[in-house]
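In order, the protein sequence lines correspond to chains A and B.
Position one of the first sequence corresponds to residue 1 (the numbering used here), numbered consecutively onward.
Position one of the second sequence corresponds to residue 1 (the numbering used here), numbered consecutively onward.
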Amino acid sequence: MRLLDFILRRSFTALFVLVGVSLITFFLSRVIPSDAAALYIGPKARTEDIERVRKQLGLDKPLPVQYAVYMGELLHGDLGNSISTKRPVTQELAERLPATLELLFMGIFIAVLIGVPLGVLSARRQGSPLDVVVRTISIVGVSMPAFYLGLLMQIAFFRNLDVLPLAGRVDSDLRFVSPIQSITNFLLFDSLVTLNWVAFKDVFLHLILPAFTLAAYPIGLIARMTRAAMLEVLGQDYIRTARAYGIQQWVITYMYTLKNAISPTLTVIGLTVAYALTGTFFVEVIFNWPGLGLFTVRSLLNVDYPAIMGVTLFGAGGYVLINMIVDLMQAWIDPRIRLK
Amino acid sequence: MKRVLLVLSLLSAAVIVLTACGPAATEPPAGTEVSTVTEAPATTAPAMPVVLKIANTANITTWDPVASFSTEASYLANVYEQLLRINPLGSAEQYTPLLAESWEVSDDGLSYTFHLRSGVKFHDGEPLNAEAVKKSIEAAADHAGASFIWLPLDSVEVVDDLTVKLNLTYAAPVDLIASSLYGAWIVSPKALDAAAADENFWSDGKSHGTGPYTVESYTPDAEIVFTRNEDYWGGWEDGQFDKVVVSIVPEAAVRVQMLEGGDVDLITAPPLDNLNIFESNPNFTVYREPSFFNYVGFFNTLRPPLDDVKVRQALSYAIPYDDIIAIGAQGLGTQSFGPVPAGVFPWDGSVFQYKYDLEKAKELLKEAGHEGGGFDIRLTYAAENATEEAFAPLIKDSFAQIGVNVSIEPMAWSQQWELAKADPANAQDMFLLLYWPTYSDAGADNMWSMFYAGAEAPYLNVTKFNLSYWKNDQYNGLMDEAGALTATDYEGSKAKYVEAMKILIEEAPAVLFFDTMDVFIVPKHIEGFKYNLNYPFVRYFFYELRAAK
């Protein structure tokens, strides 16, 4: 009952957040000095044609009216048509979402897989050279801009070593050799369930560089957070007691300490998922990854209002949702903060 | 917690196992260069077609060949064809016949008769005939993105199944118009009907042309796959490509790496600061070619002191042309001869060019009663244009040396244009513009659109590009005569245009900065690349390219 109450309350505030985001985005994207109608019709259009398009797109109406029309359509699940591709924004988002999510999941998976053990190791050997190395890695990971790291990795692994592909989701020859049967458009999954190993390997190799680039920041953050939380718990009396009982070190570390230290890390992981969603924008551009990020960048450059609105609302919705999930998970893990 | 750990370790184990398995599986010819792919892979996979791979920047704003007026021409030009294709100036033949095999023009230049190629079919199976051409041209004249190119058209007459006659209201070079990149593609009548009934008909890559390639698949923002039209009327030869895979890659650094690493065979818009890598690489040839584009700077001739021709001449002498090309275009340009880009009709290399000469500029200012300058110039340029952004400060520096103070205002292109089209009294003093003709007649386009005066002050004509607000009756008269002659007397028409250019240059209503150049990097394993500046947005006609043996 309290759970339902909590979800309802959070959903209600989320609604306000989303309306606020839509207001800000809508008006900001329209006050920037640019003419969507002129962009829509192309560089050498005549004034009359531009005016015709302006009417057609409803851009001749006052802004509040345009906003009301937009929100009305939004309630029916219609995000309008993209100005540059002329297709429904919902369709554009849906087609690109799997690519972004695949990258995002892989990135977060790598970040957790590397970040948590690094944090644990570092805390266990506080002050040792290993600790210094881990802390350096986390600082570098957190401070290095994704686009720069991405380029460096491309130069190292594609240009110099020639072991990993440069960009894209699959090799363009793949369609002729062993085409992927599209089911979910999560290519790793699709190639796995159709037992298409050639494609699976290709997709996997293409994922490595962008996923690592995306993971760099979360790895640093997660490692630092885990280390700090572990150190705090390791100093607790009951750990000392466990040691005194002669319980094996790995049991103390992973069963007693990490379990209690994971809560703040989980918050960080939740936040980094949301962060990584926007982080994919840079990564997608560098790796020519046909996901939401590339679409967003192009929409911004074309001042494609409906697309910008769609992406922003989607991003904001994702952020709110992930935060809610993290809160619920924390309550599940830690009874003390259970839905206060 | 145990559950979480268990899931994590299982997943990581799975990943490790799968990666380890990967290489053991049958190897695809990963990273194999297109030209060398002649044998099928050892598996039962389908035989590898000969594939051309291109990393292109161009987005698709529409798949509708009638509406198209933007970068998608890079693709559509391989799917659709015009009646004629115009060859670069200096070619043995002015035109390559495509869907029309021959044509004649009446003595008065008021009607053109085209004889169509027989046995040609559209991709959807419809036959190419006079009815189809009539329907296409009428659709283009009615609602094409570039419908204005058909302004002289009065009616289209079907003479017989393969003969079509275009009647004009005034003499105009229909051969040039019919070979236009935009607004002149011949489209299947079935598709035109379908598009009229359903506005979303063209929304995903359809092919209803006669061209050598059809669109096999289209993933927005990512990839377009073309496959060859086996029934193409031109036939197929060894080495031509079965498939063309275009990856849309907006990031320049990625395109360059793809080309260098052999991931693609060709790229568009190579970043100019990387050219030396390719120039020193024996596997590539770098082409620098004249292009369709030029940079113009309009003076506001309605406002003092720019209403004085001596002041405009003085400022024309104070432009550091060579530095502007070196810095603005990274050396890829040539100073303009008049308003017509080199290589386009009616370009002429004998007209006068202003050279950078500050002494002469000072002298002219003195003659005009502005010794030592002492006036201000408000210069606007399109903020989107990196070239203008780079060279505008050079104008400011140089004008400062003759005592003229320039304030530079970058603006969104549409804002800049709005300002210019409103009241000239409040408009800019100098307007930088990148211009190109819609089809290969810079007399009817550049010279007319940018400098032909409309009837009333501020003398904007229908294209509203006369942004010098300049009116010269003698120029207008010569332009009228030249335009009427193009259809019937090419040389005579050019002579009149050159005469008009001389007046224009003497009167200096605008600075004619430079003609741009295009750069192409072509690897040695691709043959047949022929540059045609008349189709600047196409970059590559796939049909002309061959994989080297």
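The C-beta atom is built at its ideal place from N, Cα and C for all residues, glycine as well.
Being a predicted model, the structure only gives us computed values, none of them experimental.
Collapsed DSSP secondary structure at E279 (chain B) in the structure displayed:
Judged by DSSP in its simplified three-state form, E279 (chain B) adopts helix.
With DSSP collapsed to three states, give me the class of A510 (chain B).
In the three-state DSSP reduction, A510 (chain B) falls in the strand class (E or B).
List the endpoints of the continuous beta strand (DSSP E) containing R288 (chain B).
For R288 (chain B), the enclosing beta strand (DSSP E) begins and ends at F284 to F299.
Residues that DSSP places opposite S122 (chain A) in a beta bridge:
Looking at the DSSP output, S122 (chain A) sits in no beta bridge, so it has no partner there.
Compute the Euclidean distance between the alpha carbons of D108 (chain B) and F176 (chain A), then round it to the nearest angstrom.
Rounded to whole angstroms, D108 (chain B) to F176 (chain A) spans 56 Å at the Cα level.
For chain A, is any of its Cβ atoms less than 8 Å away from the one on K471 (chain B)?
Output row for K471 (chain B): interface = no.
Distance, I177 (chain B) Cα to D161 (chain B) Cα
Approximately 22 Å, taken between the alpha carbons.
Nearest-angstrom Cβ-Cβ length linking T163 (chain B) and A130 (chain B), presumed shorter than 8 Å
Indeed, because the Cβ distance is near 6 Å, the residues count as touching under 8 Å.
A244 (chain A) versus T136 (chain A) - alpha carbon distance:
Put simply, the backbone Cα of A244 (chain A) is about 33 Å away from that of T136 (chain A).
Whole beta strand (DSSP E) elements within the region 206-267 of chain B, 3-residue minimum:
DSSP runs (the beta strand (DSSP E)) wholly in the region 206-267 of chain B: 213-219, 223-228 and 243-248.
Using 8 Å as the Cβ pair cut-off and three pairs as the minimum, do the region 241-257 of chain A and the region 317-335 of chain A touch?
As far as the Cβ criterion goes, the region 241-257 of chain A does not touch the region 317-335 of chain A, which means the pair count is below three.
Give the list of continuous alpha helix (DSSP H) stretches no shorter than 4 residues that lie fully inside the region 84-137 of chain A.
Under the rule that a run must span 4 or more residues, the alpha helix (DSSP H) segments found entirely inside the region 84-137 of chain A read 89-124.
Would you say S172 (chain A) faces chain B, with C-beta separation under 8 Å as the test?
Cβ-Cβ to chain B under 8 Å: yes for S172 (chain A).
State buried or exposed for N302 (chain A), treating a residue as buried only when at least 16 other CB atoms are found within 10 Å of its CB.
Buried, because 16 or more other Cβ atoms sit within 10 Å of the Cβ of N302 (chain A).
Tell me which residues of the region 285-301 of chain A have at least one Cβ-Cβ distance to chain B shorter than 8 Å, keeping chain order.
Going along the region 285-301 of chain A in chain order, one finds V285, I286, F287, N288, P290, L294, F295, V297 and R298 with a Cβ nearer than 8 Å to chain B.
Beta-carbon spacing of P65 (chain B), Y75 (chain B) below 8 Å:
No, the Cβ-Cβ distance between P65 (chain B) and Y75 (chain B) is not below 8 Å.
Chain B residues whose Cβ lies nearer than 8 Å to that of L166 (chain A)
What L166 (chain A) touches in chain B, judged by beta-carbon distance under 8 Å, is V254, Q257, M258, G261 and D263, going in chain order.
What in chain A is Cβ-close to S247 (chain B), meaning under 9 Å?
Within chain A, the C-beta atoms nearer than 9 Å to that of S247 (chain B) come from A167, G168, S172 and N288, in chain order.
If you drop the 5 nearest sequence neighbours on each side, which residues of the same chain put their C-beta closer than 7 Å to that of E481 (chain B)?
These residues qualify, in order along the chain: K496.
Just to make sure I have the definition right: I need the residues of chain A whose C-beta is within less than 8 Å of the C-beta of M48 (chain B). Which are they?
Per Cβ cutoff of 8 Å: D173, F176 and V177.
Is it right to say V65 (chain A) is buried, meaning 16 or more other beta carbons lie within 10 angstroms of its own, or is it exposed?
Counting other Cβ atoms within 10 Å of its Cβ, V65 (chain A) stays below 16 and is therefore classed as exposed.
What does the Cβ neighbour count give for D441 (chain B), buried or exposed, with the cut at 16 atoms within 10 Å?
Taking all protein chains in view, the Cβ of D441 (chain B) is crowded by 16 or more other Cβ atoms within 10 Å, so the residue is classified as buried.
Other residues of its chain near L485 (chain B): CB distance less than 6 Å, five sequence neighbours each side excluded
So the qualifying residues of the chain are G492 and S493.
Is there at least one Cβ from chain B nearer than 8 Å to T85 (chain A)'s Cβ?
At least one chain B Cβ lies under 8 Å of T85 (chain A).
Could you check what DSSP says for A55 (chain B) in three-state terms: helix, strand or coil?
A55 (chain B) sits in a strand when the DSSP states are folded into three classes.
Roughly how many angstroms lie between the CA atoms of G234 (chain B) and G211 (chain B), to the nearest whole one?
Distance between the alpha carbons of G234 (chain B) and G211 (chain B): 9 Å.
CB-CB under 7 Å to Y256 (chain A), same chain, minus the five flanking residues each way: which ones, in chain order?
So the list reads I239 and A242, once near-sequence residues are dropped.
Pull the bridge partners of T163 (chain B) from the DSSP assignment, please.
Paired residues: B:H115 and B:D160.
Residues that Q154 (chain A) contacts on chain B, provided the C-beta gap is smaller than 7 Å:
Ordered by position in chain B, the residues that pass the 7 Å Cβ test against Q154 (chain A) are Q257.
Would you list the one or two residues that DSSP bridges to R539 (chain B)?
In the DSSP output, where bridge partners are listed per residue, R539 (chain B) has none listed.
Those residues which DSSP pairs with A547 (chain B) across a bridge:
As computed with DSSP, A547 (chain B) is found in a beta bridge with B:I526.
List the endpoints of the continuous beta strand (DSSP E) containing N405 (chain B).
Unbroken beta strand (DSSP E) run through N405 (chain B): N405 to M411.
Tell me whether W197 (chain A) sits in a helix, a strand or coil according to DSSP, three-state version.
Judged by DSSP in its simplified three-state form, W197 (chain A) adopts helix.
Nearest-angstrom Cβ-Cβ length linking V116 (chain A) and T265 (chain A), presumed shorter than 8 Å:
Rounded, the Cβ-Cβ distance is 7 Å, consistent with contact.
Beta-carbon contacts of L207 (chain A) that lie in its chain and below 6 Å, excluding the five residues immediately before and after:
Only M106 meet the Cβ criterion.
Is it true that the CB of L192 (chain B) sits closer than 8 Å to the CB of K551 (chain B)?
With chain B represented from 1 up to 549, any question about residue 551 (chain B) goes unanswered, as that position is not in the structure.
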